[in-house]
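Participant: Mapping of the sequence shown onto the numbering used here: position 58 corresponds to residue 208, and the numbering continues sequentially without gaps.
We put the CB at the ideal spot given by N, CA and C, even for glycine.
Below you will find the structure I want to go over with you.
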Amino acid sequence: MDVVEQLAAALPGQVQTDPGLLEACRTDRSGHVADGSPLALVQARSIEDVQTVCRITHQHDVPVVTRGAGTGLAGGGIAGAGEIVLSTAFMNRILEVSTANQLAVVEPGILNGDLNRELAKQGMWWPPDPASKDISTVGGNIAMNAGGLLCAKYGVTREAVLALKVVLADGRLISVGHRTVKGVTGYDLCALMIGSEGTLGVIVEATLKLRPVVAGTVATIAAFFDSVDQGAAAAARITAAGLQPAMMELLDARTLECVSRYTGVDLISRGNSYFLIQCDGPAAEADAAAMAAIIGQEGGRAEITTDPEEAALLVDVRRQGFPSLEAMGTLLVEDVAVPRDAMTAVFAKVAELEAKYQVMIPTTCHAGDGNLHPSFVFSGDTVPDAVWAAADELFSYALTLGGTLSGEHGIGVLKRRWLGDELGTEQLELQRQIKAVFDPRNLLNPGKVFAPVPMLAAPSASGHS
Numbered sequence: 151m152d153v154v155e156q157l158a159a160a161l162p163g164q165v166q167t168d169p170g171l172l173e174a175c176r177t178d179r180s181g182h183v184a185d186g187s188p189l190a191l192v193q194a195r196s197i198e199d200v201q202t203v204c205r206i207t208h209q210h211d212v213p214v215v216t217r218g219a220g221t222g223l224a225g226g227g228i229a230g231a232g233e234i235v236l237s238t239a240f241m242n243r244i245l246e247v248s249t250a251n252q253l254a255v256v257e258p259g260i261l262n263g264d265l266n267r268e269l270a271k272q273g274m275w276w277p278p279d280p281a282s283k284d285i286s287t288v289g290g291n292i293a294m295n296a297g298g299l300l301c302a303k304y305g306v307t308r309e310a311v312l313a314l315k316v317v318l319a320d321g322r323l324i325s326v327g328h329r330t331v332k333g334v335t336g337y338d339l340c341a342l343m344i345g346s347e348g349t350l351g352v353i354v355e356a357t358l359k360l361r362p363v364v365a366g367t368v369a370t371i372a373a374f375f376d377s378v379d380q381g382a383a384a385a386a387r388i389t390a391a392g393l394q395p396a397m398m399e400l401l402d403a404r405t406l407e408c409v410s411r412y413t414g415v416d417l418i419s420r421g422n423s424y425f426l427i428q429c430d431g432p433a434a435e436a437d438a439a440a441m442a443a444i445i446g447q448e449g450g451r452a453e454i455t456t457d458p459e460e461a462a463l464l465v466d467v468r469r470q471g472f473p474s475l476e477a478m479g480t481l482l483v484e485d486v487a488v489p490r491d492a493m494t495a496v497f498a499k500v501a502e503l504e505a506k507y508q509v510m511i512p513t514t515c516h517a518g519d520g521n522l523h524p525s526f527v528f529s530g531d532t533v534p535d536a537v538w539a540a541a542d543e544l545f546s547y548a549l550t551l552g553g554t555l556s557g558e559h560g561i562g563v564l565k566r567r568w569l570g571d572e573l574g575t576e577q578l579e580l581q582r583q584i585k586a587v588f589d590p591r592n593l594l595n596p597g598k599v600f601a602p603v604p605m606l607a608a609p610s611a612s613g614h615s
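Structure (structure tokens):
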């Protein structure tokens, strides 16, 4: 009995081999397509199902790629030839909400937006807020250590996870982290799992750290500048002044052009950069007024609103950035982060690369935390050499500024070739060794994060690299 037959016998009705379903698993929102088609898609509905899949695939030395909603932007959840896709999308229940302990226990397949809509009924909220929150799963958020629009004030996903249950490659179940607010017993394996991109284990349950819904007025600023450099400078000054908005987003002129065309709302005539800020908490209106003053000093034109409907429209303009770029052609969406006072330098570098390589690179920015998303727009299904060359220069430049290759999208397959440039040889090898401790046969999401290299030790039992 081969691996697919054994899985089908163990999990009747949950193993899919329809070519259309398998084809969809070869790609994600990064646009990268895996070589070949996976063997099968297994739709797990419980922790026991996940354990069964891992035990059987481990027995057959067959790789497993865990997949949620398929909304990743780095190719981290795509599956190819000879691999089994393990979907946790049907594991989507809220198991517990404790307002007394400000925590929730959930399965990995619940959508981020759905979770918060349910939590709001009890006056609670889970802070991670990726732009894809209505279509991305909590498990995927955790596996990628997702960020979003609210990170400057509320942190990335890592700051909002207390504990995890994880199934290892051979089917063993471990619990990492703590239900308590404090906990320093042993190494922090919970933090290690967050952002591990499915390479160390399969997240099957999460205990999340909640916050009470923020009460009071929310003040929203919409500002326009003649240049994106002015907006970046204003963002750095706001941070330096000790002001802490919940959201601070910046769109350049090319993005504004795309959004204007996509939505039919004329934004580009108002300026060459859109600067969006939201302030919450008791001092929201006073903070917004102070920020608007700084914006004016930097040459911006700012308007403040406390009307929820108007604010929702202003935020939606920001959220339409990625869909508007998708409408322009094929995208390579990148994700560098730099110290906040270096954002202006990155925008200047982007302009230089556009001219040098004749490539369009609309760029949006989580200006509150220095996380920029240069999006390379091109035609066709293959990334042109000029785009890769421009991306290479941009990544290298971000590192020289003290930045990082990824603030929130992860490494996946798209950035693995540059990982050693940031980590260095010794740390890269240590990370490979950590992977081998959890997954000695390299069966969990092989080929992701770490680029294949000549064998550094004795070959594994499966021969996967």
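Go ahead and pull the three-state DSSP assignment for E257.
Facilitator: Counting from 1 along the sequence shown, the entry for residue 257 is found at position 107. If DSSP states are grouped into helix, strand and coil, E257 belongs with coil.
Participant: Quick one: using the 10 Å Cβ neighbour count with 16 as the cut-off for buried, is V354 buried or exposed?
Facilitator: As a first step, residue 354 is located in the sequence shown; it is residue number 204 there, counting from the start. With 16 or more Cβ atoms within 10 Å of its Cβ, V354 is classed as buried.
Participant: Use the C-beta contact count for M494: other C-beta atoms within 10 angstroms, 16 or more gives buried, fewer gives exposed.
Facilitator: Translated into the one-based positions of the sequence shown, residue 494 becomes position 344. The sequence shown places Thr at residue 494, not Met. When all chains shown are included, T494 counts as buried.
Participant: How long is the line joining the alpha carbons of V154 and S525, rounded to whole angstroms?
Facilitator: The residue labelled residue 154 in the question sits at position 4 within the sequence shown. The residue labelled residue 525 in the question sits at position 375 within the sequence shown. Their backbone Cα atoms lie some 39 Å apart in a straight line.
Participant: Taking only three categories from DSSP, how would you classify F588?
Facilitator: Taking the first residue of the sequence shown as position 1, residue 588 is located at position 438. Secondary structure at F588: helix, using DSSP grouped into helix, strand and coil.
Participant: Which partner residues of G232 appear in the DSSP bridge assignment?
Facilitator: For this step, residue 232 is matched to residue 82 along the sequence shown. Paired residue(s): none; G232 is not in a bridge.
Participant: Note down, in chain order, each residue of its chain lying with its Cβ closer than 7 Å to the Cβ of A442, except the 5 sequence neighbours on either side.
Facilitator: Within the sequence shown, numbered from 1, the residue matching residue 442 stands at position 292. Around A442: I371, A452, I454.
Participant: Leaving out five residues on either side along the sequence, give the residues of the same chain with a beta carbon under 6 Å from the beta carbon of E233.
Facilitator: Here residue 233 corresponds to residue number 83 of the sequence shown, with the count starting at 1. The residues are P188, P213, V215.
Participant: Report yes or no: do three or more beta-carbon pairs, one from the segment 579-592 and one from the segment 501-512, lie closer than 8 Å?
Facilitator: no
Participant: Hey, how far is the Cα of Q627 from the Cα of K359?
Facilitator: This structure cannot settle anything about residue 627, because the visible part of the chain is limited to 151 through 615.
Participant: Suppose contacts are defined by Cβ-Cβ distances below 8 Å. Is C340 in contact with D519 by that definition?
Facilitator: As a working note, residue 340 is residue 190 in the sequence shown. As a working note, residue 519 is residue 369 in the sequence shown. Not closer than 8 Å, so no.
Participant: Buried or exposed: where does G290 fall if 16 or more other Cβ atoms within 10 Å of its Cβ makes it buried?
Facilitator: Indexing the sequence shown from 1 puts residue 290 at position 140. It counts as buried.
Participant: Alpha carbon to alpha carbon, how far is V203 from P169? Give it in angstroms, no decimals.
Facilitator: Locating residue 169 in the sequence shown gives position 19, where the first residue counts as 1. Locating residue 203 in the sequence shown gives position 53, where the first residue counts as 1. Computed Cα separation, rounded: 20 Å.
Participant: When you compare the segment 239-256 with the segment 316-323, are there three or more beta-carbon pairs, one atom per stretch, that lie closer than 8 Å?
Facilitator: Between the segment 239-256 and the segment 316-323, the count of Cβ pairs shorter than 8 Å is below three; the stretches do not touch.
Participant: DSSP on V415, reduced to helix/strand/coil?
Facilitator: Here residue 415 refers to the residue found at position 265 when the sequence shown is read from its first residue. Three-state result, V415: coil.
Participant: Expressed to the nearest angstrom, what Euclidean distance is found between the alpha-carbon atoms of D416 and E484?
Facilitator: Position 266 of the sequence shown, counting from 1, holds the residue named residue 416. Position 334 of the sequence shown, counting from 1, holds the residue named residue 484. Taking the straight line joining both Cα atoms gives about 26 Å.
Participant: Excluding the five sequence neighbours on either side, which residues of its own chain have a C-beta within less than 8 Å of the C-beta of G273, listed in chain order?
Facilitator: Indexing the sequence shown from 1 puts residue 273 at position 123. So the qualifying residues of the chain are T249, P362, V363.
Participant: Measuring CB to CB, does L314 end up less than 8 Å from V288?
Facilitator: As a first step, residue 314 must be located in the sequence shown, where it is residue number 164. As a first step, residue 288 must be located in the sequence shown, where it is residue number 138. No, these two residues do not count as a Cβ contact at 8 Å.
Participant: Where do the N-terminal and C-terminal ends of the alpha helix (DSSP H) with N521 fall, by residue?
Facilitator: On the sequence shown, position 371 is the one that residue 521 refers to. Run containing N521: none in the alpha helix (DSSP H); it sits in the beta strand (DSSP E), 521-528.
Participant: When burial is assigned at 16 or more other CB atoms within 10 Å of the CB, is P642 buried or exposed?
Facilitator: Outside the displayed span of the chain (151 to 615) sits residue 642, for which this structure offers no information.
Participant: So L171 is in the alpha helix (DSSP H); what residue range does that whole segment cover?
Facilitator: Start at 1 with the first residue of the sequence shown, and residue 171 comes out as number 21. L171 -> alpha helix (DSSP H) spans 169-174.
Participant: Assuming I561 is part of the beta strand (DSSP E), what are its boundary residues?
Facilitator: For the purposes of this step, residue 561 is taken as the residue at position 411 of the sequence shown. No beta strand (DSSP E) contains I561, which DSSP labels as neither H nor E.
Participant: CB-CB under 6 Å to G263, same chain, minus the five flanking residues each way: which ones, in chain order?
Facilitator: Position 113 of the sequence shown, counted from the first residue, corresponds to residue 263. Excluding residues within five positions, the ones whose Cβ falls inside 6 Å are K283, D284.
Participant: Pairs of beta-carbons, one from the segment 587-596 and one from the segment 570-579, closer than 8 Å: are there three or more?
Facilitator: no
Participant: Quick check: the Cα distance between L406 and K499, rounded to an integer number of angstroms?
Facilitator: On the sequence shown, residue 406 is found 256 positions in, with the first residue counted as 1. On the sequence shown, residue 499 is found 349 positions in, with the first residue counted as 1. If you draw a straight line from the Cα of L406 to the Cα of K499, it comes to about 19 Å.
Participant: With three or more C-beta pairs closer than 8 Å as the rule, is the segment 224-241 touching the segment 380-400?
Facilitator: no
Participant: Give me whichever residues DSSP pairs with T177 in a beta bridge.
Facilitator: In the sequence shown, residue 177 corresponds to position 27, counting from 1. Residue pairing by DSSP places T177 opposite V183 in a beta bridge.
Participant: Taking the continuous alpha helix (DSSP H) assigned at E459, which residues delimit it?
Facilitator: Against the sequence shown, residue 459 aligns to sequence position 309. It spans 458-469 - the alpha helix (DSSP H) in which E459 sits, taken as one unbroken run.
Participant: So the alpha helix (DSSP H) I388 belongs to, where does it begin and stop?
Facilitator: If you number the sequence shown from 1, residue 388 lands on position 238. Note, I388: alpha helix (DSSP H), 378-390.
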